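Q: In this note's numbering, the protein residues as written are 1486 to 2064.
Quick reminder that beta carbons are idealized off the backbone N, C-alpha and C, glycines included.
Keep in mind the model is a prediction, meaning the values are calculated, not measured.
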């Protein structure tokens, strides 16, 4: 199972400009069409642009976005071929899709991965408006259908005869239906979910132990997950609730078939999958059921997935970048105030309240950014600051460093969130050890990025020096420092324990130093050809470092190219001897 699939950033970068232009044109054309829905030329133009977008996304293997674009195309194409105008529901689904798609592509570029699950609710809105069956979440992950009902012996004893069961099923179906209507109308959702859960729990007591009872026990455990808010409700899952209602309606009409598993392809596996990603808390009915039935959780957690989806529907990356800059600026302001307070030792209200105000404002921003744990943590620091008003100098000197550490931790956490090296769910348990680990990791990554930036600058400078050497008709003064520059870069990567690039640069340094000595003694010879080959190696290293500065792992084939170029110069990269 792969929740996220890595994307080839080089391919994405190659087409991103053209893809963005085509997508913008499609959006503009669709907006024109909304104002003039009788204009078939606009519909045809929009259809062609969406087809181009879908084809490009498929070509660069961003399959989640491609799936959304294909479903948009299918809806537009059906309208054009049938001559039927798009209804309000279909227009709404298309409008939302045009809003979501560019934001999802921003998310793909930032996370460097594709996750079709994030787009599934929108894809299913398109499919439903088009009269097509929804796609289940588990099917997008490639999870094969497995019959939980045929393998588990988990069950409860029934406690009603046939006639009583028939009457009870009708009442329970009505109870479930009332709850479902409340959920659909988004009225007192938690209360109505409880009604639905209770209806299914009661139903299990009317069915003989066996496959059918195990199915309804599974369904009731999943609904408990929604009741406990470990699972989130979306349009796809409301449709799943409707499927369960349809199965209940069938039972109410034919109660003698209550011991038969409902025949809905994929429904049982979808329920099983939802329970696995629920992250059910200990003591809940869902957790007890999972333990009793031997159901293992999946590493994917629904709360984190839904949080990512909410961020995708929120402000675009430009707006988020602006918020991020402002947040960091306010964090620095808070640190400046703290420094003044620690130096002055004053704790009167006029000195403390500005700090408290900034911390509370930042907590509000973090809450809006779907980072409730960090928001709560920062609000606690604001409360701690407020308690220092009128406190003595000694108490202030004891408490203020702790607030400063907390602010630094928030900044480090935000750094890692920006780099997609940390998720909101990983911030839930903020133990002191966890905070230290996050801060240390952030500082290390900052150091790594600094090394990469300086390395890029050093390699660029070396390339310019080589160019100047050739253009000056081989004035050796231009390349005297190239060897030492590359050796400095090599040393930095050695400190980072990046063995392969260190060995590549070591070979490059040996070539440059030997070349400089030979040229000084015997003249330039075949200098241009040799230096062009060296430039090939340096360009490969440069691209490798550039990728490292943007993502955790770079394409090792780039280093292979550098090794081949150096080997052509007679400086084969020597692998480290095995221990």
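#1: Could you tell me which residues DSSP puts in a beta bridge with residue 1834?
#2: Given this structure, state the Cα-to-Cα distance separating residue 1620 from residue 1719, to the nearest angstrom.
#3: Return the bridge partner residues of residue 1490 from the DSSP annotation.
#4: Can you look up residue 1890 in the DSSP assignment and give me helix, strand or coil?
#5: Answer with buried or exposed for residue 2022, where buried requires no fewer than 16 other C-beta atoms within 10 angstroms of its C-beta.
#6: If the criterion is Cβ atoms closer than 8 Å, does the pair residue 2043 and residue 2029 meet it?
#7: Just checking my contact of residue 1723 with residue 1762 at CB under 8 Å: how many whole Å lie between their CB atoms?
#8: Given a cut-off of 8 Å, decide if residue 1654 and residue 1736 are closer than it, judged by their beta-carbon atoms.
#9: Among the residues of its own chain, which have a CB less than 7 Å from the CB of residue 1587, if the five just before and after it don't count?
#10: Taking only the alpha-carbon atoms, compute the straight-line gap between residue 1570 and residue 1595 and give it to the nearest angstrom.
#11: Among 1877, 1681 and 1900, which one has its Cα closest to the Cα of residue 1932?
#12: Using a beta-carbon distance below 8 Å, is residue 1754 in contact with chain D?
#13: Given a cut-off of 8 Å, decide if residue 1823 and residue 1844 are closer than it, judged by their beta-carbon atoms.
#14: If I measure Cβ to Cβ from residue 1682 and keep anything under 7 Å in the same chain, skipping five residues before and after, which residues do I get?
#15: Could you spell out the range, first to last residue, of the alpha helix (DSSP H) harbouring residue 1957?
#16: Can you grab the Cα-Cα spacing for the pair residue 1690 / residue 1793, in whole Å?
#17: Under 8 Å by Cβ, that's how I've got residue 1599 and residue 1490 pegged, so tell me the actual separation to the nearest angstrom.
#18: Could you compute how far the alpha carbon of residue 2052 sits from the alpha carbon of residue 2058?
#19: Would you mind working out which of 1773, 1700, 1784 and 1791 sits nearest residue 1749, comparing C-alpha positions?
#20: Can you name, in chain order, every residue of its own chain whose Cβ lies under 7 Å from the Cβ of residue 1948, other than the five neighbours on each side?
#21: In angstroms, rounded to a whole number, what distance separates the CA positions of residue 1775 and residue 1678?
#22: Just reading off the alpha helix (DSSP H) that residue 1608 is part of, what are its end residues?
#23: Tell me which same chain residues have a C-beta within less than 8 Å of the C-beta of residue 1602, skipping the five on either side of it?
#24: Quick one: measure Cβ to Cβ for residue 1888 and residue 1864, integer angstroms, because I've assumed they're closer than 8 Å.
#25: Consult DSSP for residue 1521 and reduce its assignment to one of helix, strand or coil.
A: This is what the structure holds:
#1: Answer is none; residue 1834 lacks a bridge partner.
#2: 13 Å
#3: 1599
#4: helix
#5: buried
#6: yes
#7: That belief does not hold up - the Cβ atoms of residue 1723 and residue 1762 are roughly 17 Å apart, past 8 Å.
#8: yes
#9: 1508
#10: 37 Å
#11: 1900
#12: The question asks about chain D, but that chain is absent: this structure has only one protein chain.
#13: no
#14: 1705, 1708, 1709 and 1712
#15: It is not in any alpha helix (DSSP H) - residue 1957 carries neither H nor E in the DSSP assignment.
#16: 39 Å
#17: 5 Å
#18: 7 Å
#19: 1700
#20: 2020 and 2023
#21: 20 Å
#22: 1605-1614
#23: 1488, 1549, 1622, 1625, 1626 and 1790
#24: No, residue 1888 and residue 1864 are not in contact; Cβ-Cβ is about 12 Å, not under 8 Å.
#25: coil
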